[in-house]
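Data first, discussion second: the structure below is written as structure tokens.
Protein chains: 2
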Amino acid sequence: MNTPATHDRQPIPGIKDTLAVASGKGGVGKSTLCANLAVALAAQGLKVGLLDADIYGPNIPGMLSLEGRPEMNQASGRIEPLSAHGLKTISMGLLLDPGTPVIWRGPMLAKMIHQFLFNVDWGELDFLLLDLPPGTGDVQITLTQLAPLTGALIVTTPSAIALEDVRRGVEMFRQTEVPIVGLVENMSYFSCIGCGHAEAIFGSGGGEATARRLKIPFLGQIPLDPLIRSQADEGMPIVRTHPEAESSQALLQLAEGLGTHFQPT
Amino acid sequence: MNTPATHDRQPIPGIKDTLAVASGKGGVGKSTLCANLAVALAAQGLKVGLLDADIYGPNIPGMLSLEGRPEMNQASGRIEPLSAHGLKTISMGLLLDPGTPVIWRGPMLAKMIHQFLFNVDWGELDFLLLDLPPGTGDVQITLTQLAPLTGALIVTTPSAIALEDVRRGVEMFRQTEVPIVGLVENMSYFSCIGCGHAEAIFGSGGGEATARRLKIPFLGQIPLDPLIRSQADEGMPIVRTHPEAESSQALLQLAEGLGTHFQPT
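Residue numbers (our numbering), protein chains in the order written: chain A, 267 to 531; chain B, 267 to 531.
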């Protein structure tokens, strides 16, 4: 895919596609989805990196059971990402003791994102996935200015309030000429373990309707599955531990679609 | 309550208590809880203001059906907050067309927060509630430096990942000497409409255990109630429309506790 020609954007040598996984709003399950997607893409045989761009709330290390500090390669002066589940990963969470807050203003944030993009020894990658924080602030501005984003995947829940924030996020990517791959609706429905009753706790149909209205592809629904959450809490992506689960199947299908979209065989 | 003596903090004339409602992580239902809490406090006969400090994702106007632009009072040069449900409210969402993203770096954010604190005609208030965005960045830094915060209420879900971010948030308030009122666990359990089975979708018991570990008061659980969400989506706080609901009762009880904590009779 072509990178939009935007002044300060620099290619990252060795990386084919750089995909932002974004949501207007926090707490829509974006990091969990992003971690599972990265693992699923790697399981397709693709070379995948995952950059946790949420500096204040870096949840990726916990979700992938990553431990240890990334080391500086003395020869190259670059940071070595950590490997797990077939991925290379970097996150602010790997550079801090647990529970330590990053009380930083925006310029420091921007510097760290620059480091993560250009000073990490990513090597050859088919995909670099970026797990973005919520909002349209410093991290997003820095990324859209500097990173050669070949696409943005938008994650939402069906709630009207999350969808309101989606509009803002989509508009930001349009203004900064990042192609939008599509919208995924997460936490779409919950199936009761007791009786099988499916309840649309966060509302119903909003993702698809919003995708249509914003003229972006709708990429499907992921159910609200307590197992996705408990597996993420335990540091094991559900697509590896329970690939047969309905939620895993939805995630694997999404990964397959993305793989084909970006890397047609 | 005493305001911690921190250099640049200025009192806001006429405002007794300024309470930050915060969560490490986004999407834990903080804004919904904050809006309902503000309405419940106002229903106790208290004079309440609500400052939506989430500049990138201002969801408060939608939750309270606020419409119209706040006007500038020509005589005082101050912004008039909008009134609804017995509250005075200001939000970035009132100053923008729907769906318009605020693509701002941190310094602009800090300026807007300063305006909202000191250049809005709040009048006499018992409580100013601040709905904080997720993270520990520019808005939080600006608020803890400038605003005379008399307390911070922490909202979380029971998921391990949300709780990890809670630790960071609590640590930030401690470092900046803001007293922590306590921790509320939101989305604690979901009761199936089909069979009554209660499912702890986001995990169970984590809020109370974390409060104990961090040595802060645990203020109770709010169930995951589709009605809270649908009422918020429709712009009607559940504590007004369905005060009898289990979730409303939990919210009203929380408001009562806060009212007594800050304004003992």
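All residues carry an ideal CB built from backbone N, CA and C; glycine is no exception.
Item: Name the chain B residues whose beta carbon is nearer than 8 Å to that of A/HIS463?; Value: CYS458, ILE459, GLY460, CYS461
Item: So, B/PRO367 versus A/ARG434, is the Cβ gap smaller than 8 Å?; Value: yes
Item: A/ASN385 CB to nearest chain B CB: under 8 Å?; Value: no
Item: Can you tell me which residues form a DSSP beta bridge with B/ALA464?; Value: B/SER457
Item: Name the DSSP beta bridge partners of B/GLU451, please?; Value: B/THR422, B/GLN487
Item: Determine the chain B residues that contact A/LEU490 at a beta-carbon separation under 8 Å, and present them in chain order.; Value: ILE467
Item: Under 8 Å: do the segment 277-290 of chain B and the segment 482-489 of chain B share three or more Cβ pairs, one atom per stretch?; Value: no
Item: With distances taken between CB atoms, is the gap from A/LEU391 to A/LYS313 smaller than 8 Å?; Value: yes
Item: Between the alpha carbons of B/ALA511 and B/SER425, how many angstroms are there, rounded?; Value: 24 Å
Item: For A/MET438, I'd like the list of residues in its chain whose CB is within less than 8 Å of its CB, leaving aside the five on either flank, ordered along the chain.; Value: THR402, GLN406, THR410
Item: Whose C-beta lies closer than 8 Å to the C-beta of B/ASP274 among residues of the same chain, with five residues either side of it excluded?; Value: GLN411, LEU412
Item: Where does B/GLY417 land, buried or exposed, given buried means 16+ other C-beta within 10 angstroms?; Value: buried
Item: B/ASN268 to B/LEU307, Cα distance in whole Å?; Value: Note that B/ASN268 scores a pLDDT of 33, beneath 50, so its modelled location is shaky; the value from the coordinates is reported in the next line. Their backbone Cα atoms lie some 21 Å apart in a straight line.
Item: Mapping DSSP to helix, strand and coil, what is A/ASP431?; Value: helix
Item: Just to confirm my understanding: we take B/ALA350, look at its own chain, exclude 5 residues before and 5 after, and list those with CB closer than 8 Å. What are they?; Value: LEU330, SER331, LEU332
Item: Taking Cβ-Cβ distances shorter than 9 Å, what residues in chain A pair up with B/GLN441?; Value: PRO367, ILE369
Item: Indicate the three-state DSSP secondary structure (helix, strand or coil) for A/LEU610 in the structure shown.; Value: Nothing about residue 610 of chain A can be read from this structure; chain A reaches only from 267 to 531.
Item: Is the shortest distance between the beta-carbon of B/PRO530 and the beta-carbons of chain A less than 8 Å?; Value: no
Item: What is the residue span of the alpha helix (DSSP H) that B/ALA306 lies within?; Value: 296-309
Item: With DSSP as the reference, label B/VAL287 as helix, strand or coil.; Value: strand
Item: Mark B/GLY280 as exposed unless 16 or more other C-beta atoms lie within 10 angstroms of its C-beta, in which case mark it buried.; Value: exposed
Item: What does A/ILE407 reach in chain B if we use C-beta pairs closer than 7 Å?; Value: ILE369, ARG371
Item: Contact between the segment 311-328 of chain A and the segment 454-474 of chain A: three or more CB pairs below 8 Å?; Value: no
Item: Are A/VAL450 and A/LEU520 touching if we call contact CB-CB under 8 Å?; Value: yes
Item: Residues of chain B with CB closer than 8 Å to the CB of A/GLY328, please, in chain order.; Value: ALA426, ILE427, GLU430
Item: What residue range does the alpha helix (DSSP H) around A/SER514 cover?; Value: 512-528
Item: Cβ of B/ARG495 within 8 Å of Cβ of A/ILE467?; Value: yes
Item: Give the residues of chain B in contact with A/VAL294, contact being defined as C-beta atoms less than 7 Å apart.; Value: GLY293
Item: Check whether the Cβ of A/GLY290 lies closer than 8 Å to any Cβ atom in chain B.; Value: yes
Item: Please decide whether B/GLU474 counts as near chain A, where near means a Cβ-Cβ distance under 8 Å.; Value: no
Item: Any idea if A/ALA341 is buried or exposed, counting beta-carbon neighbours within 10 angstroms, 16 or more meaning buried?; Value: exposed
Item: Taking only the alpha-carbon atoms, compute the straight-line gap between A/PRO492 and A/GLY311 and give it to the nearest angstrom.; Value: 28 Å
Item: Would B/SER496 count as contacting chain A if we go by Cβ distances under 8 Å?; Value: yes
Item: Counting only runs of 4+ residues fully inside the segment 317-361 of chain B, write out the alpha helix (DSSP H) ranges in chain order.; Value: 326-329
Item: Beta-carbon of B/THR402 versus every beta-carbon of chain A: anything under 8 Å?; Value: yes
Item: Applying a beta-carbon distance threshold of less than 8 Å, which residues of chain B neighbour A/ASP547?; Value: With chain A covering only 267 through 531, there is no way to say anything about residue 547 of chain A.
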